[in-house]
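Notes follow the structure.
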Amino acid sequence: MECTIRLAREDDAAAISAVILRALRETNAKDYTGETIERVERSFSPEVVLQLIGKRTVFVAAIGSRVVGTASLDGSVVRTVFVAPDVQARGIGRLLMAEIERTACARNIPSLTVPASVTAETF
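Note that the numbering used here has the sequence shown beginning at 72, numbered continuously upward.
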């Protein structure tokens, strides 16, 4: 499995949205209430993801041409880290986080934070 990490492009918005929504429904559903999942889902339509690509540094993990994961950096805050359920536990999240860390180092960001509570705004 050859997985590459690259900057997201505008034409990735629908695929990123699909990865996030699938991970929310299949993986995160056991950790959050249905209401929380629904609220977060509304925040990751393809249109909203397209806006986020313009505001944050968004990375995608791809196997071939298929987007299988995403992570973003918003200043010094790590956001929107998701991997498609069928490829979880294969190191893709680790690769995404390594790219986030490299980017932060290159930007002289001394430390990264992850929001403590889960709301649509924290993703």
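Glycine is no exception: its CB is placed at the ideal position from the N, C-alpha and C atoms. Only a predicted model underlies this, so the values are computations on that prediction, with no experimental measurement involved.
Inset, instruction - In the DSSP assignment, find the unbroken alpha helix (DSSP H) run with residue 165 in it and report its ends. - result: Here residue 165 is taken as the residue at index 94 of the sequence shown, counted from 1. 163 to 177 is the extent of the alpha helix (DSSP H) around residue 165.
Inset, instruction - Using three-state DSSP, classify residue 157 as helix, strand or coil. - result: The residue you call residue 157 lines up with position 86 of the sequence shown. Here residue 157 sits in helix by DSSP.
Legend entry - residue 192 in three-state terms, based on DSSP: Translated into the one-based positions of the sequence shown, residue 192 becomes position 121. Caution applies to residue 192, whose pLDDT of 48 falls short of 50 and renders its modelled position unreliable; the model cannot decide the point.
Inset, instruction - Please determine, among 149, 102, 119, the residue with the shortest C-alpha to C-alpha distance to residue 89. - result: Position 18 of the sequence shown holds residue 89. Residue 119 is the option with its Cα nearest to residue 89.
Inset, instruction - Let me know if residue 190 comes out buried or exposed under the rule of 16 or more other beta-carbons within 10 Å of its beta-carbon. - result: To locate residue 190, count along the sequence shown from 1; it is residue 119. Low per-residue confidence applies at residue 190: pLDDT is 48, beneath 50, and the placement is therefore not dependable, though the value from the model is reported in the following sentence. The residue is exposed, with fewer than 16 neighbouring Cβ atoms inside 10 Å.
Legend entry - Distance between residue 142 and residue 193 (C-alpha atoms, nearest Å): Working through the sequence shown from its first residue, we reach residue 193 at position 122. Working through the sequence shown from its first residue, we reach residue 142 at position 71. Low local confidence applies: a pLDDT of 45 at residue 193 is under 50, so the model's placement there is unreliable, and no value is given.
Inset, instruction - Could you tell me the distance, in whole angstroms, from the CA atom of residue 122 to the CA atom of residue 181? - result: Here residue 122 refers to the residue found at position 51 of the sequence shown. Here residue 181 refers to the residue found at position 110 of the sequence shown. Going from the Cα of residue 122 to the Cα of residue 181 covers about 27 Å.
Legend entry - Bounding residues of the beta strand (DSSP E) (the contiguous stretch that carries residue 129): Counting from one through the sequence shown, the residue named residue 129 turns up at place 58. For residue 129, the enclosing beta strand (DSSP E) stretches over residues 128 to 134.
Inset, instruction - Could you say which of 107, 144, 178 lies nearest to residue 185 if we only look at CA atoms? - result: By one-based count along the sequence shown, residue 185 stands at place 114. Ranking 107, 144, 178 by Cα distance to residue 185 puts 144 first.
Inset, instruction - In angstroms with no decimal places, state the Cα-to-Cα distance between residue 113 and residue 107. - result: Within the sequence shown, residue 113 is the residue found at index 42, counting from 1. Within the sequence shown, residue 107 is the residue found at index 36, counting from 1. Using only the alpha carbons, I get a separation of about 10 Å.
Inset, instruction - In angstroms with no decimal places, state the Cα-to-Cα distance between residue 85 and residue 138. - result: Working through the sequence shown from its first residue, we reach residue 85 at position 14. Working through the sequence shown from its first residue, we reach residue 138 at position 67. The alpha-carbon atoms of residue 85 and residue 138 are separated by roughly 10 Å.
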